[in-house]
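Colleague: Below you'll find the structure I mean.
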């Protein structure tokens, strides 16, 4: 009689059964990885802008302070995007005929704002505030990365809820002296553990429990 | 099950056709966002003609009356000066900032006699109104900060013309 099942059939059957069991687990795993991947969080994606404004050139090259352009970052929730006049305070004299800057000159002449495309954009149900983070001594580069090297702006942090919470549960390693907030090359010193703990105390930073409450960010 | 399935399918299709329900985008205007409601399509509104902003009186007073000069005011002045004025005027006030090195018309040095003799109110006025090719900086520097910057410029002027004898304990430290 012809054998229907050859000797390896048992193994094949087991493998098939096992993969049926594993498939949903793997699929969930894959979905989870994708969901938190840079692809899904728009991390490191640059946006097309009306003028190819370069932070590398203006911050890295010319050493202009963030506050020259992002004026409200210390005082308000919104960091501020510079109006056309701010560009023109230099470009009325500097690179005045560059075609690259034509939209800026046109914007000034017509009194119509430049329309920049947002790079960072939290969902509308999340409340974020720059003033509190700056006042408590968190530097721009902790959340925005090496801005002084960016030819076009990109989002260097995932901006997921997990990312916010990682810090809210333990902000000490990221706390800087106030004068280092705008220093784009700041690295924690060797004794950051001691300094960080002292800053937590001095700046009366809320407890991890309080800072993880839903209503802090979803209000 | 067979009978329920045809009922479920359209329901599923209806759900899939729904808009994004995540509430990531809500029906409100973002700061500096587009706003179809207004003729210029901008969320940021200008105050109507003839209105007076909250705190305008306090700001005017702060502009008229110089605050007392102390270490904190000087420190504040240094911070603001470094952030806003250095691209052109340079860290020492010689008018040799980075942007000037790239071809921007050079401002006068703060250490020339005319500006040494100028009263503090003059610097506040230049920030408030601009001067020649220098733009107005009133929208970026609060009235009190203008006085702080003026005080810091005074300190810069002192630092560049100082004599060794005037600085306490300096003579001993020099070889």
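Protein chains in written order, with my numbering: chain A, 1 to 219; chain B, 220 to 394. The C-beta atom is built at its ideal place from N, Cα and C for all residues, glycine as well.
Alpha carbon to alpha carbon, how far is residue 207(A) from residue 284(B)?
Modeller: 42 Å
Colleague: Please go through the stretch 344–394 of chain B and give each complete alpha helix (DSSP H) segment of 4 or more residues, from N-terminal end onward.
Modeller: Entirely contained in the stretch 344–394 of chain B, the alpha helix (DSSP H) runs reaching 4 residues are, in chain order, 362–380, 389–392.
Colleague: In whole angstroms, what separates the C-alpha of residue 177(A) from that of residue 295(B)?
Modeller: When rounded, the distance between both Cα atoms is 16 Å.
Colleague: Shortest alpha-carbon distance to residue 84(A) belongs to which of 70(A), 76(A), 77(A), 75(A)?
Modeller: 70(A)
Colleague: Given a threshold of 16 other Cβ atoms within 10 Å of its Cβ, counted over all protein chains shown, does residue 5(A) qualify as buried or as exposed?
Modeller: exposed
Colleague: Beta-carbon separation of residue 60(A) and residue 148(A) under 7 Å?
Modeller: yes
Colleague: Cβ atoms of residue 142(A) and residue 97(A): under 7 Å apart, would you say?
Modeller: no
Colleague: Answer yes or no: does any C-beta atom of chain A fall closer than 7 Å to that of residue 352(B)?
Modeller: Closer than 7 Å: yes.
Colleague: Identify whether residue 236(B) lies in helix, strand or coil by the three-state DSSP scheme.
Modeller: Any answer about residue 236(B) is weak, because its pLDDT of 47 lies below 50 and its placement is not dependable; what the coordinates show is given next. Helix at residue 236(B).
Colleague: Taking residue 359(B) as the query, report the chain A residues whose CB atoms sit under 7 Å from its CB, ordered along the chain.
Modeller: 71
Colleague: Please state whether DSSP places residue 193(A) in a helix, a strand or coil.
Modeller: helix
Colleague: Taking only the alpha-carbon atoms, compute the straight-line gap between residue 200(A) and residue 131(A) and give it to the nearest angstrom.
Modeller: Here the alpha carbons of residue 131(A) and residue 200(A) stand approximately 17 Å from one another.
Colleague: Could you list which residues in chain B have their beta carbon closer than 8 Å to that of residue 62(A), in chain order?
Modeller: Result: 306, 317, 318, 321.
Colleague: Could you please tell me which residues of the stretch 89–110 of chain A, in chain order, have their CB closer than 9 Å to any CB of chain B?
Modeller: Of all residues in the stretch 89–110 of chain A, only 89, 90, 92, 93, 94, 95 place a beta-carbon less than 9 Å from a beta-carbon of chain B.
Colleague: Select from the stretch 41–61 of chain A all residues with a C-beta closer than 7 Å to any C-beta belonging to chain B, and list them in chain order.
Modeller: none
Colleague: Using DSSP's beta-bridge definition, name the partner residues of residue 154(A).
Modeller: 46(A)
Colleague: Work out the CA separation of residue 164(A) and residue 15(A) for me, nearest whole Å.
Modeller: 42 Å
Colleague: Can you check DSSP and say which residues form a bridge with residue 261(B)?
Modeller: 253(B)
Colleague: Does the distance from the C-beta atom of residue 360(B) to that of residue 93(A) stay below 7 Å?
Modeller: No, the pair does not count as a contact, with Cβ atoms beyond the cut-off.
Colleague: Looking at the structure shown, is residue 149(A) part of a helix, part of a strand, or coil, going by DSSP?
Modeller: helix
Colleague: Got a sec? Which residues, its chain only, sit under 8 Å from residue 327(B) by beta carbon, not counting five neighbours each side?
Modeller: 314, 333, 334
Colleague: In three-state terms, what does DSSP make of residue 319(B)?
Modeller: helix
Colleague: Determine, using beta carbons only, whether residue 136(A) and residue 203(A) come nearer to each other than 7 Å.
Modeller: Remark: C-beta atoms of residue 136(A) and residue 203(A) approach each other more closely than 7 Å.
Colleague: Nearest to residue 52(A) by CA position, among 104(A), 211(A), 213(A), is which residue?
Modeller: 104(A)
Colleague: At what residues does the alpha helix (DSSP H) containing residue 68(A) begin and finish?
Modeller: 66–69
Colleague: Hey, would you say residue 338(B) sits closer than 7 Å to residue 278(B), going by beta carbons?
Modeller: In this structure, residue 338(B) sits away from residue 278(B), with a CB-CB distance that is not shorter than 7 Å.
Colleague: For a cutoff of 7 Å on Cβ pairs, would you count residue 78(A) as touching chain B?
Modeller: yes
Colleague: Are the C-beta of residue 324(B) and some C-beta of chain A separated by less than 7 Å?
Modeller: yes
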